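> Numbering (UniProt numbering), first residue to last: 1 to 313. Each residue gets a CB set at the ideal place from its N, CA and C atoms; glycine is no exception. Please read all numbers here as calculations on a predicted model, not as lab measurements. The structure is given below, and queries will be raised subsequently.
Shown next, in the form of structure tokens:
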């Protein structure tokens, strides 16, 4: 496995500064984030599809530094019923077309979350039960069969047409695909091109074990994020793990995203990557740094140090 970094964390840098920073950090690849919720300006699919000279220049700069594009990332909610969903669908399709044009075989994105009934104006994350109250089974059926399945059949067809081989869905919250079981529900319908971007940080706060998750996923692991979570002692015991406080309110949250190693020790990470490699994944691990308990620079450096010591080569 090889180490890359999600470029969102360097969204305040110019394209050249961002690449030079990656070289200085000694990562081998870059997960180019652009489109969806990402504010990063470096690799926007609409700009690059419209300006082939700009695209060529950007690719030349990447190659000149000995870096590789690990994946193109366009994370958002393509099943949102409003204008946001319309924009995210357009940008995800543009990202897939751009990947096909430049020979990148992997897209990292999210499954999306639709409303629970026709005519609803907001997405609805149904995570209590699909058997009660009596209307729940129909809401669950509608989200999957009427919204998600048709959309993802179309998107897989587009990926086939342009030569994208893997679409990795992050197990993020407030998405239809948020754990291994929901990934297989979609994958069994639309095919093996869809797999998981296994991000341990999200499984931690959901009370799951990412190592057990990796074993269950096996060949369905299409990508991996290196990101940690710390369950905060005393707070989680009182209020549980469902947390609505702002991510910057770190002192009062039941859990926080933290630098790799600040939530789980390096022995845990060694076992995690060993199992991920054992079940067949031998590709990129991308650092995604969202630690608000320390400076961005410190979080990036300490995470890279931890990942370089624990990734299974």
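Which same chain residues, not among the five before or five after residue 11, have their C-beta less than 6 Å away from its C-beta?
The sequence position of residue 11 within the chain shown is 11, counting from 1. Excluding positions up to five away in sequence, the list reads 39, 40.
> Measuring only the C-alpha atoms, how far is residue 242 from residue 160?
Your numbering for residue 242 matches position 242 in the chain shown. Your numbering for residue 160 matches position 160 in the chain shown. Those two C-alpha atoms are separated by around 38 Å.
> Alpha helix (DSSP H) containing residue 178: first to last residue?
Locating residue 178 in the chain shown gives position 178, counting from the first residue. That residue, residue 178, is in no alpha helix (DSSP H); it is neither H nor E in DSSP.
> Can you look up residue 254 in the DSSP assignment and give me helix, strand or coil?
For the purposes of this step, residue 254 is identified with residue 254 of the chain shown, where counting begins at 1. Three-state DSSP puts residue 254 in coil, outside helix and strand.
> Which residue comes first and which comes last in the alpha helix (DSSP H) that contains residue 22?
Taking the chain shown and counting its residues from 1, the one referred to as residue 22 is at position 22. Note, residue 22: alpha helix (DSSP H), 15-25.
> If you count every other CB in all the chains shown that lies within 10 Å of the CB of residue 287, and 16 or more means buried, which is it?
Locating residue 287 in the chain shown gives position 287, where the first residue counts as 1. Residue 287 comes out buried.
> Identify the continuous beta strand (DSSP E) that holds residue 72 and give its terminal residues.
Start at 1 with the first residue of the chain shown, and residue 72 comes out as number 72. Its beta strand (DSSP E) spans residues 68-73.
> Residue 19: which of 246, 1, 102, 60 sits nearest, CA to CA?
In the chain shown, the residue the question calls residue 19 occupies position 19. With distances taken between Cα atoms, residue 19 lies closest to 60.
> Out of 301, 47, 108, 216, which one is the CA nearest neighbour of residue 291?
Position 291 of the chain shown, counted from the first residue, corresponds to residue 291. Among 301, 47, 108, 216, the Cα nearest to that of residue 291 is on 301.
> Just how far apart, CA to CA, sit residue 54 and residue 48?
Counting from 1 along the chain shown, the entry for residue 54 is found at position 54. Counting from 1 along the chain shown, the entry for residue 48 is found at position 48. Computed Cα separation, rounded: 6 Å.
> Between residue 260 and residue 1, which are expected to be in contact by the criterion C-beta below 8 Å, what is the C-beta distance as a whole number of angstroms?
The residue labelled residue 260 in the question sits at position 260 within the chain shown. The residue labelled residue 1 in the question sits at position 1 within the chain shown. Not a contact, Cβ separation roughly 14 Å.
> What does DSSP give as the partner residues of residue 228 in its beta bridges?
Start at 1 with the first residue of the chain shown, and residue 228 comes out as number 228. For residue 228, which the question treats as bridged, DSSP gives the partners 258.
> What does a CB cutoff of less than 6 Å around residue 180 pick up in its chain, not counting 5 residues either side in sequence?
Here the question's residue 180 lines up with position 180 in the chain shown. Cβ within range, chain order: 213, 216, 217.
> With 16 other CB atoms within 10 Å as the buried threshold, where does residue 226 fall?
Within the chain shown, the letter at position 226 stands for residue 226. Burial call: buried.
> State yes or no: is the C-beta of residue 100 within less than 8 Å of the C-beta of residue 36?
Your numbering for residue 100 matches position 100 in the chain shown. Your numbering for residue 36 matches position 36 in the chain shown. It is not a contact, given that the beta carbons lie outside the stated cut-off.
> For residue 228, count neighbouring Cβ atoms within 10 angstroms of its own Cβ and tell me buried if that reaches 16, exposed if not.
Residue 228 sits at position 228 when you count from the first residue of the chain shown. Its Cβ being crowded by 16 or more others within 10 Å, residue 228 is buried.
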